[in-house]
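full-length UniProt numbering numbers the first residue of the sequence shown as 79 and each following residue consecutively.
All C-beta atoms in this analysis are idealised placements derived from N, C-alpha and C, irrespective of residue type, glycine included.
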Amino acid sequence: KKVNIIENDQGAGIPLDNLNLHLQDDLQRSGVEKMEKHLQEHTDKIKSKGVQQKDSLQREDGLKQSTKPYFPQAPGEMGRPVRLKKLSPEEQKEVDEGLQKNAFNQYISDRVSLHRHLPDVRDPQCSKQQYLPVSQLPDTSVIICFHNEAWSTLLRTVYSVIDRSPPSLLNEVILVDDFSDMDHLKQQLDEFAVKTDKVRVIRAKRREGLIRARLLGAASAVGQVLTYLDSHCECAEGWLVPLLDQIARNVTTVVCPVIDVINDSTLEYHYGKAASISVGGFDWNMQFNWHAIPEREKKRRASEVDPLHTPTMAGGLFSIDKAWFEKLGTYDPGFDIWGGENLEISFKTWMCGGTLEIIPCSHVGHIFRKRSPYKWRTGTNVLKKNSIRLAEVWLDDYKKYYFDRVSNDLGDFGDVSSRKKLRQDLGCKSFKWYLENVYPEQFIPGDAVASGEIRNKGDASEWCLDSLANRAAHHKPVSMYKCHRQGGNQFWQFSKEAEIRRDDSCLDYSGKDVIVYPCHNQKGNQQWKYNTETLAISHVSSGRCMEMSSDHKKVIMETCHGSPRQQWVVENYKPE
Ligand code: LR7
Ligand code: MN
Numbered sequence: 079k080k081v082n083i084i085e086n087d088q089g090a091g092i093p094l095d096n097l098n099l100h101l102q103d104d105l106q107r108s109g110v111e112k113m114e115k116h117l118q119e120h121t122d123k124i125k126s127k128g129v130q131q132k133d134s135l136q137r138e139d140g141l142k143q144s145t146k147p148y149f150p151q152a153p154g155e156m157g158r159p160v161r162l163k164k165l166s167p168e169e170q171k172e173v174d175e176g177l178q179k180n181a182f183n184q185y186i187s188d189r190v191s192l193h194r195h196l197p198d199v200r201d202p203q204c205s206k207q208q209y210l211p212v213s214q215l216p217d218t219s220v221i222i223c224f225h226n227e228a229w230s231t232l233l234r235t236v237y238s239v240i241d242r243s244p245p246s247l248l249n250e251v252i253l254v255d256d257f258s259d260m261d262h263l264k265q266q267l268d269e270f271a272v273k274t275d276k277v278r279v280i281r282a283k284r285r286e287g288l289i290r291a292r293l294l295g296a297a298s299a300v301g302q303v304l305t306y307l308d309s310h311c312e313c314a315e316g317w318l319v320p321l322l323d324q325i326a327r328n329v330t331t332v333v334c335p336v337i338d339v340i341n342d343s344t345l346e347y348h349y350g351k352a353a354s355i356s357v358g359g360f361d362w363n364m365q366f367n368w369h370a371i372p373e374r375e376k377k378r379r380a381s382e383v384d385p386l387h388t389p390t391m392a393g394g395l396f397s398i399d400k401a402w403f404e405k406l407g408t409y410d411p412g413f414d415i416w417g418g419e420n421l422e423i424s425f426k427t428w429m430c431g432g433t434l435e436i437i438p439c440s441h442v443g444h445i446f447r448k449r450s451p452y453k454w455r456t457g458t459n460v461l462k463k464n465s466i467r468l469a470e471v472w473l474d475d476y477k478k479y480y481f482d483r484v485s486n487d488l489g490d491f492g493d494v495s496s497r498k499k500l501r502q503d504l505g506c507k508s509f510k511w512y513l514e515n516v517y518p519e520q521f522i523p524g525d526a527v528a529s530g531e532i533r534n535k536g537d538a539s540e541w542c543l544d545s546l547a548n549r550a551a552h553h554k555p556v557s558m559y560k561c562h563r564q565g566g567n568q569f570w571q572f573s574k575e576a577e578i579r580r581d582d583s584c585l586d587y588s589g590k591d592v593i594v595y596p597c598h599n600q601k602g603n604q605q606w607k608y609n610t611e612t613l614a615i616s617h618v619s620s621g622r623c624m625e626m627s628s629d630h631k632k633v634i635m636e637t638c639h640g641s642p643r644q645q646w647v648v649e650n651y652k653p654e
């Protein structure tokens, strides 16, 4: 059977009985009584008034809920999770293929309405925010770049924009095809665009990568504001006005919605309270990360739903005044495929006179996935090259902390002279200013006592202390791995405060494993001592010594006895 997802206005477009999904079950599991009641009321309203629905947060701005009728019981409605029943081997095959191609559950996405309703995820305090009338707001071109996106996720992104944006503010939706080869993204997509009056498709003539694809979109956009989205998003009710309002007040303000998580295996739409929103940071691997709102920022704002200053943005979802984006020199066109551009636009915005904010009353969902499903270029480390260009141009002397992370092996990163000139012509502030004023929480590795690998002397001295670099590795035991001299997961620093750390992650021992834990600056379980004569690394409060396990896999803590497996060579150790 073929699922008709093209004209999918009503539920999944196929009779519910034929769907092999745990519908009733999902309603009970996630909905509890509140959801059932909400759905019932919603259905009654639709029945009694045709399809018009009043939104409690509706204002004089033409904002209204999607007016499509819907089946409350349809899969994924109101952002509920969809789970599959036991599948036949053929169905399972289809699920697996979808996962393989997209790194999210396409099988489920294909069965969720392209116009599904979402709960109103805005904080109740948002109804008190005052926005300028629509007539005083700039209009926007929404630019969505994709390389081999699934049909249902791409179209759901587009429809969520059209269904939930005041028509007069939505100038156009530009779909930039970054040289996809999937069939449905060819003629079928052109035909779709022709049928709508707002959607345009432009196509890259070769694989450009998402950054140059975004520049292609910007070059042909006619709206006053550019709004970028990934190709697997869902804009929630009321998402656009709070973004444009903030730009209308000051064109140098760059704004991001709150990014809600759409689950990659159930398509559930998750959202949290305004107080639990995170702000963006970065580590010295030049990787973006999330943080709790700093105290200074909590004090600065009158309300939890006021615009939130953020040192960096995640990258994919934001609005920027088109002229301001151009003044800032858009993105470095030397950035290939993916990555680095999010930090570039963040640093530039702050350093060159603008402000970067997260707008708590604007929500957009994004399918977060655990791996990248498409091909990158082979032969070069694209992300590293982008990050080196970024550091060369924007980090001043601080670039050395990143270069340490890649063992100062810069390779060929191309020519950045025109980007440096751009920075100079704009008269942007220093990176030091940025760190002191915009991101004072950032750990600066400068005064570390040691930086580099930590190599064990036992069993041929081939084994190094190793961890996973990302935050997800927090609370995981640190382990041993063959030394590779590439920095990364084997890069450690001894801080003056006697921690063994990388960025915000510290080695922590509380009696069981040595784990990677957020640094707390309280010494305690995070205080270590290196003895340059015995080469022992000891834990101050327990008095035990770090030892490599006999299978070279684990780090164990033992009574100190000085055997080679308790001896460590700490690179660049220079005690004060
Ligand atoms: O070669 C490519 N060409 C493309 O057009 C590679 C990707 N793309 C498209 C792709 O189809 C997608 O729409 O670019 C978009 C981003 O790629 P994803 O979705 O594979 O990666 P991601 O979600 O991890 O992307 C995050 O980081 C990127 C690189 O820095 C971009 O900034 C993305 O926009 C960004 N996504 C978000 O900020 C959403 C929230 C994720 C977080 C944190
Ligand atoms: Mn994405």
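- Taking the Cα positions, residue 583 is about 31 Å away from residue 409.
- Per the C-alpha coordinates, the member of 182, 353, 390 positioned closest to residue 379 is 353.
- Remark: C-beta atoms of residue 300 and residue 219 approach each other more closely than 8 Å.
- When DSSP reads this structure, residue 634 sits in a beta bridge with 625.
- In this structure, the C-beta of residue 444 approaches ligand 2 to less than 7 Å from one of its heavy atoms.
- Between the alpha carbons of residue 263 and residue 559 lies a distance of about 43 Å.
- Annotation: residue 228 to residue 175 spans about 12 Å, alpha carbon to alpha carbon.
- A straight line joining the alpha-carbon of residue 507 with that of residue 572 spans about 31 Å.
- For residue 515, the enclosing alpha helix (DSSP H) starts and ends at 509-515.
- Contact check for residue 225 against residue 452 passes: the beta carbons are separated by less than 8 Å.
- For residue 370, the enclosing beta strand (DSSP E) starts and ends at 366-370.
- The continuous alpha helix (DSSP H) containing residue 428 extends over residues 419-429.
- For residue 363, the closest of 375, 447, 486 by C-alpha to C-alpha distance is 486.
- Note that the stretch 284-296 touches the stretch 394-411; at least 3 beta-carbon pairs, one per stretch, sit closer than 8 Å.
- Leaving aside the five residues that flank residue 463 on each side, the residues in its chain whose CB is nearer than 6 Å to its CB run, in chain order, 491.
- Rounded to the nearest whole angstrom, the C-alpha separation of residue 192 and residue 552 is 37 Å.
- In this structure, the beta-carbon distance from residue 444 to residue 349 does not fall below 8 Å.
- If only uninterrupted alpha helix (DSSP H) runs of at least 4 residues are considered, none is enclosed by the stretch 517-570.
- Residue environment for residue 214: exposed (fewer than 16 other C-beta atoms within 10 angstroms of its C-beta).
- Out of 169, 203, 158, the CA that lies nearest to the CA of residue 197 is found in 158.
- Comparing alpha carbon positions, the residue from 631, 627, 606 closest to residue 620 is 606.
- Of all alpha-carbon atoms in 151, 604, 574, 355, the one lying nearest the alpha-carbon of residue 585 is that of 604.
- With respect to the 8 Å criterion, residue 556 and residue 545 are classified as neighbours on the basis of their beta carbons.
- Distance from the Cα of residue 253 is smallest, within the candidate group 276, 524, 581, 422, for 276.
- As the crow flies, the alpha-carbon of residue 647 is around 9 Å from that of residue 542.
- Here the distance from the Cβ of residue 225 to the nearest heavy atom of ligand 2 is not below 7 Å.
- The C-beta distance from residue 520 to residue 513 rounds to 6 Å, short enough to meet the 8 Å contact threshold.
- Setting aside the 5 residues that flank it on each side, residue 488 is surrounded in the same chain by 466, each with a C-beta closer than 6 Å to its C-beta; the list follows chain order.
- Assignment of residue 597 by DSSP, reduced to helix, strand and coil, places it in the coil class.
- Between ligand 1 and the CB of residue 409, the shortest heavy atom gap is not smaller than 7 Å.
- The beta strand (DSSP E) runs lying completely inside the stretch 427-466 and spanning 3 residues or more are 433-445, given in chain order.
- From the listed residues 430, 494, 422, 415, the smallest Cα separation to residue 456 is found for 415.
- DSSP places residue 249 in the uninterrupted beta strand (DSSP E) bounded by 248-255.
- It is roughly 29 Å from the alpha-carbon of residue 402 to the alpha-carbon of residue 377.
- The beta carbon of residue 640 sits closer than 6 Å to those of 612, all from its chain and outside the five residues before and after it, given in chain order.
- For residue 419, the shortest separation between its Cβ and any heavy atom of ligand 1 lies below 7 Å.
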